[in-house]
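*Asks:* For the sequence shown, UniProt numbering begins at 1 and goes up steadily by one.
Here you go, one structure.
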Amino acid sequence: MYVAKSGTFDENNSLLKLGRVRLSFDPNPFDSKSFEQRLLLNDGYVKYTGEDNATAKIWVDVFNPVVHIGVDSPEKIAVKVAYENWRYEDREIINEERNQGSWGIYTSKIANGTTYADKIAFHENGVLMSHRNEKLDLWNFQMKQQGLEKYSDNMYNPMRHNEFGIFVHSEELKPGVVTNGHYINTTYKAWNLETKSPSKSFKVTLSMYQAQTKSHDEWYKGLQKVIKSAVKNTQDKRARRMQASRSAKFIRSGDTLWGAMPRATGPPSSMVVFGLLIPFMSNVFEYNAQWYDDDANTPRPDFFPNGELWNVWLNHVKDTANEFADMILQANIYSGFDVKPYLEFIEYQLAWFDKFYTREMQKRNPWPLTGMAGNESLVIYPGSGAETYKESYNPVSTLAGLRQVVKDLLIVDEYSLQNKTYYTKYLAKIPVNTLRQQQGHTCIAPAEAYTRVQNSEVPQLYTVFPWPDYGLGLPNLTHAINTYLYDTETFSFHGNTGWKQDVIWLARMGFTANATAMTEERYAPSKVCKFPTFKGPNFDWTPDLNHYGSAAIGLQEQLIQTFVGNDIRLLAAWPKSWDARFKIWAPHNTTVEGIVKAGKMEKLTVLPKSRNSDVIVGQD
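Dropping the structure here:
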């Protein structure tokens, strides 16, 4: 089995696996016709059953990064645990591997980079692997390419001295030999733990740890704490029960974690990740290492500005900054999350839009804003409506994002760089959304003007999700509905795969039948994928986390919507054919728990009780 943990980013900003663990048995009770492998979701573990009810169980401690393996056999057997690692030596990154780090996809003008070797050895009757980032090839390249070398020492670098590793251990095993292997097209080495003496029962722990530390010794002390917790919880079933209670059968709001590099330029970032991104939010500068030729093989000119991607899809795409900022603010609105450490990040992002675009305006005009006296609205130009509407003038996805971030910052009412008066004025100078006529209907325009349509997003409807300018309970909902139904430019862009958000938009606009059909399609069994909601590759790869992300958000929006003031709207787009039992977080430290039968609310508990007056059932 492959072992992975969040935060294991190497010198190339690649999220690396911690290795592979292989169990073998002599005699092998699982080499029989009675072999069964079962994922027990309610109990939170994987169970293998073999001959004469021999079992192997794998479960993860939700309180600590520890995997527990338990083997029980009616007869005494010998067990060998092999820790396998293919990073026992430095490996040059091949072209396709650039996609998993931050070198970029078409970096023909620079070296590929190197995945540096791990340190692996037998240690205290187990196997210890660690990887500490010491060389900063990527970081140094980024700083030079972005013209930020003089700021380099003062910038937060999430890769510097990041260390991660794994300790594989069992009281019933001892160090054996190191062997060589070859899997598909890659060589590896295996550190083998062998049985001290045949037994009917074996327990193995895989303890993991990751942190940015001043030294390896400091990191190792952190690992030792995890190892102690592993020993304590080896026979503790409570942790496993807690895992079951936190499993995917519960619908949760905004409870997402980062397992891989977020591709947040197309879909709203909340569909991908937030939780573990928080430590990386403190940089106030944007940087990107993708210095490359575009598909037309046109070299990047020297006059092209630093900090801007030379790329036909991603140039001028700035909306992602708003999404990250607002997820932090939403965490405060939901649960009182402390935003103080991230206020500079949020406010500097807002300041960038203000300062950069007023400066750009003054390159063309004496006034920094629109209006006879230059005191009315910002002009977002050059901008981009997602990856689709290029060289946009006031793209609505950016305007709606700025509007919501400022609104939520005013609700949180905490500031580091500016004050409430400044942000109240900021909100007033964000332009209104542009409208246009399509097939005789008033629709939302992607921007006031743009030069080309590059991709297949529908940023006009980003004003429905993730930014609630339109939706059930809000004015001018027909503008959004008309855009979905009658916009000829984007009609072919709609779909129900990958990061497409149609199911979410339909739920927020109250199209119950359409949203239901799309939700059922996303959750339908797959002939290819073991876990059907991760169908892929769609636009990227398999498993496709975005395919599930849209499915989960769409389902939740059918059940509960909380984007209008203090309203808690239930069953907004819920079909009569669905039953449900749910418990969901809502804003302002509220929990909503209920039972739905035949599309009707049968039981409802809202805490605190004072929030009952905010509940709306259905679309009325």
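Virtual Cβ for every residue (Gly too), placed ideally from N, Cα, C.
Near residue 17, what residues of its chain come up, given a Cβ to Cβ distance below 6 Å and the 5 sequence neighbours on each side ignored?
*Replies:* Only 2, 4 meet the Cβ criterion.
*Asks:* Just the C-alpha distance for residue 603 and residue 561, rounded to the nearest angstrom, thanks.
*Replies:* Their backbone Cα atoms lie some 18 Å apart in a straight line.
*Asks:* Tell me which residue opens and which closes the beta strand (DSSP E) that residue 25 is part of.
*Replies:* Residues 19 to 26.
*Asks:* Closer than 8 Å, CB to CB, is residue 569 near chain B or not?
*Replies:* The structure shown contains no chain B, having only a single protein chain.
*Asks:* For the beta strand (DSSP E) containing residue 582, name the first residue and the last one.
*Replies:* Residues 580 to 586.
*Asks:* Please report the Cβ distance between residue 466 and residue 376, rounded to the nearest whole angstrom; I am assuming they are in contact, meaning their Cβ atoms lie under 8 Å.
*Replies:* So it is not a contact: roughly 27 Å between Cβ atoms.
*Asks:* In angstroms with no decimal places, state the Cα-to-Cα distance between residue 349 and residue 369.
*Replies:* One C-alpha to the other measures close to 19 Å.
*Asks:* First and last residue of the alpha helix (DSSP H) that includes residue 332?
*Replies:* Here the alpha helix (DSSP H) through residue 332 covers 319 to 335.
*Asks:* Between residue 192 and residue 406, what straight-line distance do the alpha-carbon atoms span, to the nearest angstrom?
*Replies:* Rounded to whole angstroms, residue 192 to residue 406 spans 56 Å at the Cα level.
*Asks:* For the 8 Å Cβ check, are there 3 or more pairs between the stretch 67 to 75 and the stretch 89 to 101?
*Replies:* At 8 Å Cβ cutoff, the stretches do not touch.
*Asks:* Please report the straight-line C-alpha distance between residue 122 and residue 20, rounded to a whole angstrom.
*Replies:* Roughly 16 Å between the two C-alpha positions.
*Asks:* Where does residue 304 land, buried or exposed, given buried means 16+ other C-beta within 10 angstroms?
*Replies:* Its Cβ having fewer than 16 others within 10 Å, residue 304 is exposed.
*Asks:* Anyone know if the C-beta pair for residue 333 and residue 198 falls short of 8 Å?
*Replies:* Not in contact: residue 333 and residue 198 (Cβ atoms no closer than 8 Å).
*Asks:* On the DSSP letters alone, give me the boundaries of the beta strand (DSSP E) that residue 389 sits inside.
*Replies:* Segment 389 to 392, the beta strand (DSSP E) holding residue 389.
*Asks:* Looking at the secondary structure, which residues open and close the alpha helix (DSSP H) in which residue 501 lies?
*Replies:* Premise fails: residue 501 is in no alpha helix (DSSP H) and is neither H nor E.
*Asks:* Give me, in chain order, the residues of the same chain whose beta-carbon lies closer than 6 Å to that of residue 35; leave out the 5 immediate sequence neighbours on both sides.
*Replies:* Only 50 meet the Cβ criterion.
*Asks:* Is the Cβ-Cβ distance between residue 474 and residue 430 less than 8 Å?
*Replies:* No, these two residues do not count as a Cβ contact at 8 Å.
*Asks:* When the Cα atoms are used, what is the spatial distance from residue 25 to residue 85?
*Replies:* So the two alpha carbons sit approximately 20 Å from each other.
*Asks:* When you compare the CB positions of residue 79 and residue 206, do they come within less than 8 Å of one another, or not?
*Replies:* Not a contact, by the Cβ cut-off of 8 Å.
*Asks:* Pull up the distance between the alpha-carbon of residue 163 and that of residue 616, whole angstroms please.
*Replies:* One C-alpha to the other measures close to 49 Å.
*Asks:* Between 442, 546, 128, which has its C-alpha nearest residue 83's C-alpha?
*Replies:* Measuring from the Cα of residue 83, the nearest candidate turns out to be 128.
*Asks:* Starting from residue 629, trace the beta strand (DSSP E) both ways and give me its first and last residue.
*Replies:* This structure does not reach residue 629, given that the chain is present from 1 up to 620, and the question cannot be answered.
*Asks:* Which runs of the beta strand (DSSP E) at least 3 residues long sit entirely within the stretch 522 to 547? Give them in chain order.
*Replies:* The qualifying runs do not exist here; there are none.
*Asks:* Could you give the uninterrupted runs of the beta strand (DSSP E) lying entirely in the stretch 371 to 415, keeping only those of 3 residues or more?
*Replies:* Correct list: 383 to 385, 389 to 392.
*Asks:* Starting from residue 602 and walking both ways along the beta strand (DSSP E), at which residues does that stretch end?
*Replies:* Counting along the chain, the beta strand (DSSP E) containing residue 602 begins and ends at 600 to 607.
*Asks:* Name the residue from 310, 157, 569 whose alpha carbon lies nearest to the alpha carbon of residue 584.
*Replies:* Residue 569 is the option with its Cα nearest to residue 584.
*Asks:* Helix, strand or coil for residue 207? Go by DSSP, reduced to three states.
*Replies:* Note: residue 207 maps to strand in three-state DSSP.
*Asks:* Spell out a yes or no on whether the stretch 418 to 432 and the stretch 478 to 487 are touching, meaning 3 or more CB-CB pairs, one atom from each, closer than 8 Å.
*Replies:* No: fewer than three Cβ pairs fall under 8 Å.
*Asks:* Any heavy atom of the ligand ADP within a distance shorter than 7 Å of the CB on residue 307?
*Replies:* Ligands in the displayed structure: none, and consequently the ligand ADP is not present.
*Asks:* Using a Cβ-Cβ cut-off of 7 Å (strictly less than) and excluding sequence neighbours within five positions of residue 523, which residues of its own chain qualify?
*Replies:* Around residue 523: 532, 533, 551.
*Asks:* Tell me the DSSP secondary structure of residue 434 in three-state form.
*Replies:* Coil.
*Asks:* Between residue 60 and residue 230, what straight-line distance do the alpha-carbon atoms span, to the nearest angstrom?
*Replies:* Cα to Cα, residue 60 sits roughly 10 Å from residue 230.
*Asks:* Assuming contact is defined by CB atoms lying nearer than 8 Å, are residue 571 and residue 559 in contact in what I supplied?
*Replies:* Contact: yes.
*Asks:* Relative to the C-alpha of residue 319, which residue among 450, 440, 463 is closest?
*Replies:* It is 463 whose Cα lies nearest to the Cα of residue 319.
*Asks:* How big is the Cα-Cα spacing for residue 211 and residue 219?
*Replies:* For residue 211 and residue 219, the distance between alpha carbons rounds to 7 Å.
*Asks:* Can you tell me whether residue 428 is helix, strand or coil according to DSSP?
*Replies:* Reduced to three states, the DSSP call for residue 428 is helix.
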